Amino acid sequence: MLTRFAMGEIKKLMITMPPQHGKSEGATRRLPAFVLGQDPDKRIAIVSYNAIKARKFNRELQRIMDDDRYYELFPQTLLAGQASYQEQGRRSRNYARNSDECEIVGYQGSFKTIGVGGSLTGEPVDMLIMDDLYKDASSAWSPVIRQNVADWYDTVASTRLHNDSQQLLVFTRWHMEDLAGRLLEQEGVYDPIENPQGWLLVSFPAIQNRPPSEQDPRAEGEPLWPERHSLSKLLEIKGRSPTVFESLYQQNPQPSQGLMYEEFTCYTDLPSRSYSVAYIDAADSGADYLCALFYKEAEDGNYITDVLYTKDPMEVTETTLTYMLQQHQVERCHIESNNGGNLFVSNLQQRSWDTGNRLTRFNPFHQNQNKTARIFAASASVQKLIKMPLDWKKRFPKFARDLTGYLRVGTNAHDDAPDALTGSIECRQPPKRVSVAEMFGRI
């Protein structure tokens, strides 16, 4: 993955890993040296949580590039002060080489190392590498520091980027609203068709909790680096603080208070006997999300296949939903039509009819029960009957954020995700009653 990034195939790469698993060695020390060896004109900026840590990266990077083995691989990429300059006839006295910036002699390239809050004025940045922007848990859990990091990224780091710039965020997740969480919420996960400007997210949990993949071929339950962090050690850490372990080691940050839901069951295959259903909960206000669930309703539960979770205006969502209803061949569409939703329902029905959709049967209804009470009362059924696709947190990041972070007690910023899931359970068809005569034939 880092090689693809180095070759320019990936523009925005986010790698999340547990602490002390070698992420900085590959991404922050070796990668810049390799990139400058391939392209001495590349301008690289390396950012860490403070200037002291950034300068340490600077010194380590200089040592790599001073090594004779590096010169054998990349003889054209030289820092000021190396004896080999005299052999090549290059003058190095006018090129910077200090603990903050080093320039490549004879070329336009350089690497700068700075801490969060530092200046990046001057030359544009071709490659921005950000490595652990929070020093520790107290920093990551501080709303002030999280906002400072976000503001610095928006007002300093991102302003030095151009159309062809690349970004690499190497991270240990601490909090749902750390910079990684914010960027995923704002820009989404990369998809070559639907979201080409999103982040390619590669996450390595300390203990594998997913089926093997090309990126991570480990079997479920296998530790990431057993020689250094054994399974018994990781389980001991998990036993002491499950919430901290889930964030730092599994890259799944959660609030410390009691959550409404545990991990949802994930499926690999859809049931052979099912109905294609949609449940749509239109936004009550501008601050709310429209949540549309598309799923296969089977005897053992609702298998979520797609989600639309958006604050886009109705004229946009009507078009999107019309397409999705046809795409998923929805047979029944339940629509919660509170607060002026009748016009929305009418428009959606008309658009579907105009596009030739004769399959979907619409079921608009008014919900007058207390939302919080409904969510709480149905939580066990939601936990039992909702089945998610394996990659649902990547495909639907905002929906996943509001669902997995929903608190049993306390203030929740958004309840649209759990409300829609609750509604989908409430709208399930009752099990068909089978008589003795139907089972064995009439006598």
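Numbering of the sequence shown is given in our numbering, commencing with residue 641 and proceeding in unit increments. Don't be surprised by glycine CBs; every beta carbon is placed ideally from N, CA and C. As the structure is a computational prediction, the values presented were derived from the model and not from experiment.
Select from the options the residue whose C-alpha is nearest the C-alpha of residue i.
{"i": "P1004", "options": "F751, D708, G757 and G1063", "result": "G1063"}
{"i": "A1060", "options": "Q969, F934 and W993", "result": "F934"}
{"i": "V810", "options": "N1010, P1029, M657 and R1068", "result": "M657"}
{"i": "Y689", "options": "K775, Q967 and A790", "result": "K775"}
{"i": "R800", "options": "T812, V765 and M770", "result": "V765"}
{"i": "V917", "options": "E886, G762, L1043 and V970", "result": "V970"}
{"i": "T945", "options": "P1029, H1006 and V884", "result": "P1029"}
{"i": "R913", "options": "L768, Y1046, S782 and Y943", "result": "Y943"}
{"i": "H1054", "options": "K1034, S986 and A927", "result": "A927"}
{"i": "P911", "options": "A923, Q890, Y889 and G941", "result": "G941"}
{"i": "V687", "options": "I655, L773 and T1051", "result": "L773"}
{"i": "G721", "options": "K752, E712, E743 and L713", "result": "E743"}
{"i": "N987", "options": "C973, Y793, M954 and N849", "result": "M954"}
{"i": "D791", "options": "N803, W781 and V756", "result": "V756"}
{"i": "P1037", "options": "R669, T908 and M816", "result": "M816"}
{"i": "Y963", "options": "N982, R972, H974 and N997", "result": "N997"}
Could you tell me the alpha carbon to alpha carbon distance between residue i and residue j, rounded to whole angstroms?
{"i": "Q726", "j": "R709", "result": "A caution first: Q726 carries a pLDDT of 49, below 50, which makes its placement in the model unreliable, though a value can still be read off. So the two alpha carbons sit approximately 18 angstroms from each other."}
{"i": "I1015", "j": "P836", "result": "35 angstroms"}
{"i": "A797", "j": "E741", "result": "16 angstroms"}
{"i": "G758", "j": "D771", "result": "15 angstroms"}
{"i": "K951", "j": "T959", "result": "14 angstroms"}
{"i": "L642", "j": "Y915", "result": "43 angstroms"}
{"i": "M1079", "j": "L965", "result": "In this prediction, M1079 has a pLDDT of 47, which is less than 50 and means its spatial position is unreliable; what the coordinates show is noted afterwards. Each residue's alpha carbon lies about 36 angstroms from the other."}
{"i": "Y735", "j": "E649", "result": "30 angstroms"}
{"i": "A938", "j": "L999", "result": "19 angstroms"}
{"i": "A646", "j": "W993", "result": "50 angstroms"}
{"i": "V947", "j": "F1039", "result": "8 angstroms"}
{"i": "I1065", "j": "R1001", "result": "18 angstroms"}
{"i": "F885", "j": "S925", "result": "36 angstroms"}
{"i": "R813", "j": "R1068", "result": "37 angstroms"}
{"i": "H661", "j": "A667", "result": "12 angstroms"}
{"i": "Y889", "j": "K873", "result": "12 angstroms"}
{"i": "L871", "j": "E860", "result": "12 angstroms"}
{"i": "K1011", "j": "G1050", "result": "15 angstroms"}
{"i": "F984", "j": "G1045", "result": "29 angstroms"}
{"i": "R1082", "j": "P852", "result": "Note that R1082 scores a pLDDT of 46, beneath 50, so its modelled location is shaky and nothing firm can be said."}
{"i": "R1035", "j": "D794", "result": "25 angstroms"}
{"i": "R737", "j": "D706", "result": "12 angstroms"}
{"i": "E902", "j": "Q891", "result": "16 angstroms"}
{"i": "S1019", "j": "A1013", "result": "10 angstroms"}
{"i": "L823", "j": "I655", "result": "13 angstroms"}
{"i": "R644", "j": "E854", "result": "14 angstroms"}
{"i": "Y907", "j": "N1052", "result": "28 angstroms"}
Compare the beta carbon distance of residue i and residue j with 9 angstroms and say whether it is the shorter of the two.
{"i": "A1057", "j": "Y919", "result": "no"}
{"i": "F904", "j": "W1032", "result": "yes"}
{"i": "K652", "j": "E827", "result": "yes"}
{"i": "A673", "j": "I704", "result": "yes"}
{"i": "R991", "j": "M900", "result": "no"}
{"i": "S779", "j": "R683", "result": "no"}
{"i": "P832", "j": "G746", "result": "no"}
{"i": "Y830", "j": "G838", "result": "yes"}
{"i": "P978", "j": "Q1007", "result": "It should be pointed out that residue 978 corresponds to Asn in this sequence rather than to Pro. A contact, by the Cβ cut-off of 9 angstroms."}
{"i": "L671", "j": "T717", "result": "no"}
{"i": "L808", "j": "L768", "result": "yes"}
{"i": "E976", "j": "D921", "result": "yes"}
{"i": "P893", "j": "D818", "result": "yes"}
{"i": "Q678", "j": "F714", "result": "yes"}
{"i": "T753", "j": "A694", "result": "yes"}
Among all the DSSP beta bridges, which residues are the ones paired with residue i?
{"i": "S843", "result": "T656"}
{"i": "L809", "result": "M654 and M770"}
{"i": "V765", "result": "L801"}
{"i": "H974", "result": "Y919 and N1003"}
{"i": "N942", "result": "E937 and I1026"}
{"i": "L1134", "result": "Since the first and last residues shown for the chain are 641 and 1083, residue 1134 lies out of range."}
{"i": "F751", "result": "I684 and C742"}
{"i": "C906", "result": "M1028"}
{"i": "N835", "result": "D831"}
{"i": "R737", "result": "C742"}
{"i": "L899", "result": "L1047"}
{"i": "R863", "result": "Here residue 863 is Pro; the residue named in the question, Arg, does not match the sequence. P863 pairs with I847."}
{"i": "L719", "result": "I744"}
Against chain C, with Cβ distances strictly below 9 angstroms, would residue i count as a contact?
{"i": "D681", "result": "Given the protein chain composition of this structure (a single chain), no chain C is represented."}
When the Cβ atoms of the segment 874-893 are set against those of the segment 1018-1030, are three or more pairs found closer than 8 angstroms? Output reads no: the segment 1018-1030 does not touch the segment 874-893.
Would you say the segment 694-714 touches the segment 924-942, given that touching needs at least three Cβ pairs under 8 angstroms? no
With a threshold of 8 angstroms, are at least 3 pairs of Cβ atoms found where one atom belongs to the segment 856-873 and the other to the segment 781-791? By the C-beta criterion, the segment 856-873 is judged not to be in contact with the segment 781-791, since fewer than 3 inter-stretch pairs fall below 8 angstroms.
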